[in-house]
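The next block holds one structure in the form of structure tokens; read it before the comments.
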Amino acid sequence: MQDAKEEIKARLPVEDVIGQYIELKRAGRTLKGRSPWGVDKTPSFMVSPDKGIWHDFSANKGGDIFTFVMEVEGISFREALEKLAAQAGVELKQYSGNDKKLAEHKKRLKEAVELACKYYQVCLSKNKPVCEYVFYRRNLNRKTAVEFRIGYAPKGKDYLVQFLTKKGFKLSELKDAGLLNQYNGDLFRGRMMVPFFGNSGEIIGFTGRIIGDGEPKYLNTPETILFNKGRFIFGLAQAKEFIHRSGYVVIVEGNMDVISSHQAGVREAVATSGTAMTENHLKILSRLTDDIRLAYDGDTAGIKAAERAISLANNLGISLKVISGYHGAKDPDELIQKDPTLWQKCVEECEPAIDWLLKKYEMQLDLTTGPGKKAYSDIAMKMIQKIPDSVERKHYEKLVAKKLDVSVEDLLSKKLPLEKTRLKPIKTKDLNSGGTSLDRNLKALQDNLTAIMIYGGSAGGEINLELPEDETKIAELELIFEREYSKLPEEDLKREAKMLLTRYKREKNQYEIARLTKELENAVDDEEKTADLLRKIQILRKS
């Protein structure tokens, strides 16, 4: 695919691609703009047309047009490649050995689900009782119905099948598109239909809500070559622009919560759509924003789902916030029906996930007893030790110690019970993954130090970091040096390099502690390894 990448880059100037998302202004040989991630107060986003690269100094992200589209859209490299290839008019099949038949088959399936969506929309417009259900019982307005392309699947056993076969589609194609049941009839019958939108706005599947009595209440398209429920996030296609603007995303539990929230003005809402939260979901959203807010139902199942999501996020080094207290309503949709402004207020009054979980456990456990304090401290310390930032970690250590009327030293000397599940240890390459705040700090420091080492002359003499092999990365480092350090006198640059190196060593020390702590969780039934890891952690904490 390297040839395809180069052809696309040759046809699409970097400033034209980025200019579709943010306003750029000329500043000498470079272009300037505001960060699309909303983290800068003054323009700190730089584009170099000569080098074909960009760098966001406020978010410490950079690269070429492919990395930009991946970051700003929250999509994979393959998806970015396909999107930019379409803009550039490049036929990817000319550059790969992929089966032409598969590409044609996917195209046919997309055409089938698109036509099915239009069919469902027409059926809704012609059915007065269903319109009353959608517009009066569900309180959706016509603008929302049009934006989410809401429709209706009639009750007949094969109305859609008949319609699509007359349009030239084969039963095998409809089955592969997820539109058929086991008897080759319509999968969706007597349901309000809401399509699933892919990253490029194309339809990839559906969810159908039963109208009247019947089970299941919600029915989703099965896994197909178009629809992968482990990666799909409902409402993201509509929410992405607003997530960039506000800087946060709200994860609700149901698709109707998403639609109601968008209509109520909280347009950052998304859902995982009929499946539990996965690491893929969190990784996709964390590319768009660091501020991820959970708004699950207030029942036991909702609390369990929130706990699971928080645990997943902790393993990935992602901090979550929780939206709770729905003013008596069971979920966001019910609260919105009651008063949309109360929902907006709830979103604004979110709290850190760890605070929320600690409060939940306080209510469940008797902290006046020894066993209650032990159970509470076990749970609390398992969460706290996963916090990469030392300041935040110490805050919670003091908070829990005060709650239990013990010293912080008592807490830190606890031997935590080993978890039953094995967690994947952090790999060294994750140091540069940009996933957690600690990762990003290290990456920023490493980029700046490497830039000085390459372009700073004698000021980079004491810096000994690995040189990147990627030409795009080297060009990006030059851009960093030109903006940050090229105007500094030699002695000032040396002092700056020394200070950065000290900070880098300190941050790397913290990261190593986090890595060893993760490894400690995996040292199940290995007392010798556990003791060795604890010793190393203690040495690092004292250094």
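Using the numbering used here, the final residue of the sequence shown is 796, and nothing's skipped along the way.
A virtual CB, placed ideally from N, CA and C, is assigned to each residue, including glycine.
Given the structure is predicted, the values throughout are model-derived calculations rather than measurements.
Assign residue i to one of three DSSP states: helix, strand, or coil.
{"i": "Val797", "result": "No answer is possible for residue 797: it lies beyond the span of the chain, which begins at 254 and ends at 796."}
{"i": "Val366", "result": "helix"}
{"i": "Ala633", "result": "helix"}
{"i": "Tyr501", "result": "strand"}
{"i": "Met323", "result": "helix"}
{"i": "Gly710", "result": "helix"}
{"i": "Ala704", "result": "helix"}
{"i": "Ile563", "result": "helix"}
{"i": "Asp745", "result": "helix"}
{"i": "Gly555", "result": "helix"}
{"i": "Val659", "result": "coil"}
{"i": "Ala490", "result": "helix"}
{"i": "Ser739", "result": "coil"}
{"i": "Ser301", "result": "strand"}
{"i": "Asp642", "result": "coil"}
{"i": "Asp439", "result": "strand"}
{"i": "Leu377", "result": "helix"}
{"i": "Leu793", "result": "helix"}
{"i": "Leu433", "result": "strand"}
{"i": "Val263", "result": "Strictly speaking, residue 263 in this sequence is Ala, with Val absent from that position. Helix."}
{"i": "Lys647", "result": "helix"}
{"i": "Asp797", "result": "No information on residue 797 is available, as it lies outside the stretch 254 to 796 that the chain covers here."}
{"i": "Lys782", "result": "helix"}
{"i": "Ala257", "result": "helix"}
{"i": "Asn717", "result": "coil"}
{"i": "Phe480", "result": "coil"}
{"i": "Thr295", "result": "coil"}
{"i": "Ala750", "result": "helix"}
{"i": "Lys682", "result": "Any reading at Lys682 must be qualified, since the residue scores a pLDDT of 35, below 50, and its modelled position is unreliable; the value itself is stated next. Helix at Lys682."}
{"i": "Thr528", "result": "coil"}
{"i": "Ile496", "result": "helix"}
{"i": "Leu652", "result": "helix"}
Along the chain, where does the beta strand (DSSP E) that runs through residue i open and close?
{"i": "Arg520", "result": "No beta strand (DSSP E) holds Arg520; DSSP gives it neither H nor E."}
{"i": "Lys470", "result": "Looking at the DSSP string, Lys470 is not in any beta strand (DSSP E), and its letter there is neither H nor E."}
{"i": "Asp544", "result": "544–548"}
{"i": "Arg331", "result": "Unbroken run through Arg331 is the alpha helix (DSSP H), 330–341; no beta strand (DSSP E)."}
{"i": "Pro798", "result": "Residue 798 falls outside the range modelled here, since the chain spans only 254 to 796, and no answer is possible."}
{"i": "Leu284", "result": "283–286"}
{"i": "Phe459", "result": "456–463"}
{"i": "Ala280", "result": "278–280"}
{"i": "Asp799", "result": "Outside the modelled stretch of the chain, which goes from 254 to 796, sits residue 799, for which no answer is possible."}
{"i": "Gly315", "result": "314–316"}
{"i": "Ala406", "result": "404–406"}
Please check the pair residue i and residue j, which I expect to be a contact at CB under 8 Å, by giving their CB distance rounded to whole angstroms.
{"i": "Glu749", "j": "Leu741", "result": "7 Å"}
{"i": "Leu610", "j": "Ile563", "result": "6 Å"}
{"i": "Ile607", "j": "Met636", "result": "6 Å"}
{"i": "Gly421", "j": "Gly443", "result": "Incorrect: roughly 27 Å between the Cβ atoms, too far for contact."}
{"i": "Arg756", "j": "Leu698", "result": "6 Å"}
{"i": "Ile632", "j": "Tyr649", "result": "Going by Cβ atoms, the distance from Ile632 to Tyr649 rounds to 12 Å, so no, they are not a contact pair."}
{"i": "Leu541", "j": "Gly327", "result": "5 Å"}
{"i": "Ala398", "j": "Phe450", "result": "Not really, about 15 Å apart at Cβ, beyond 8 Å."}
Leaving out five residues on either side along the sequence, give the residues of the same chain with a beta carbon under 7 Å from the beta carbon of residue i.
{"i": "Tyr405", "result": "Tyr373, Cys376, Leu377, Asn380, Val383, Met445, Met446"}
{"i": "Gly315", "result": "Ile306, Trp307, His308, Asp309, Glu729"}
{"i": "Glu426", "result": "Arg361, Leu362, Ala365"}
{"i": "Cys603", "result": "Arg546, Lys574, Val575, Ile576"}
{"i": "Tyr274", "result": "Pro289, Val325"}
{"i": "Leu786", "result": "Leu769, Glu772, Leu773, Ala776"}
{"i": "Gly518", "result": "Pro593, Gln597"}
{"i": "Leu676", "result": "The pLDDT assigned to Leu676 is 29, lower than 50, so where the model puts this residue is not dependable; a value taken from the coordinates is nonetheless given after this. Correct list, in chain order: Asn568, Lys771, Glu774, Asn775."}
Just reading off the alpha helix (DSSP H) that residue i is part of, what are its end residues?
{"i": "Met509", "result": "508–516"}
{"i": "Val414", "result": "412–419"}
{"i": "Lys536", "result": "532–541"}
{"i": "Leu424", "result": "424–429"}
{"i": "Gly272", "result": "267–272"}
Between residue i and the rest of its own chain, which residues show a CB-CB distance below 8 Å, the 5 nearest in sequence each way excluded?
{"i": "Met509", "result": "Arg391, Arg462, Asp586"}
{"i": "Asp544", "result": "Gly500, Tyr501, Val502, Lys574"}
{"i": "Ala338", "result": "Ala257, Ile261, Glu344, Leu345"}
{"i": "Gly488", "result": "Asn508, Val511, Ile512, His515, Ala522, Val523, Ala524"}
{"i": "Met530", "result": "Ile504, Ala558, Arg561, Ala562, Leu565"}
{"i": "Ser329", "result": "Met323"}
Please decide whether residue i counts as near chain C, where near means a Cβ-Cβ distance under 9 Å.
{"i": "Arg395", "result": "Of the protein chains in this structure there is only one, and it is not chain C."}
Which residues in the same chain have their Cβ closer than 6 Å to the Cβ of residue i, if we skip the five residues on either side of it in sequence?
{"i": "Asp301", "result": "Note that residue 301 is Ser in the sequence shown, not Asp. Closer than 6 Å at Cβ, skipping near neighbours: Thr283, Leu732."}
{"i": "Pro475", "result": "Gly431"}
{"i": "Phe734", "result": "Ala704, Tyr708"}
{"i": "Asp683", "result": "Any reading at Asp683 is ruled out, since the residue's pLDDT is 37, under 50, leaving its predicted position unreliable."}
- 4 or more residues per run - each alpha helix (DSSP H) lying fully within the segment 565–630: 585–591, 593–601, 606–617
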